[in-house]
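Let me begin by presenting the structure, written as structure tokens, before commenting on it.
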Amino acid sequence: MYNSQLPTDGNSAPNGSLNLDAGAFTKNAERHNNERIRQLLKSFGLRTSLIRLKVIDALLTAAESDRPQGVRGVHSHLLDLDIPLSFLSVREVLKRLCSEGVVVLNDDKSYSLHPQAAAVLYGSQ
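Adding 18 to a residue's 1-based position in the sequence shown gives its number in the numbering used here.
Here it is as structure tokens:
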């Protein structure tokens, strides 16, 4: 049976160029970041869900930009990334992360990682 992916001329690689683009590397970097967030959630006894990953990632992005985000800010950030989550879903995830000690609600109604969660995330326990 003929397999078009196997070389027939003795070469070990199929003819043609590799289609590597920056998107492949970006997804790898995102995967690495998601793995850190997965470990964070696991250390707090929480299951990983896509919405938790995205919400925590949005908080980390806001912290890197030194712009605290409330529920509306996190929700808007996710919508800008074409992640269609409802406002209520984002609010409930933030409330749950607060109750578990992963995230804290600041006096200005913005959210940030709890210092202990940041220590787990960045490996400085």
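C-beta atoms are modelled at their ideal positions from N, C-alpha and C, and glycine is treated no differently. These numbers were taken from a predicted model, which means no experiment stands behind them.
Non-local C-beta neighbours of Leu58 in its own chain, meaning closer than 8 Å and more than five positions away in sequence, comprise Ile74, Val120, Ala135, Val138 and Leu139, ordered along the chain. Here the C-alpha atom of Glu82 lies approximately 19 Å from the C-alpha atom of Leu112.
Straight across, the Cα-Cα distance linking Asp98 with Ala76 is about 11 Å.
In this structure, the alpha-carbon of His93 lies about 7 Å from that of Leu103.
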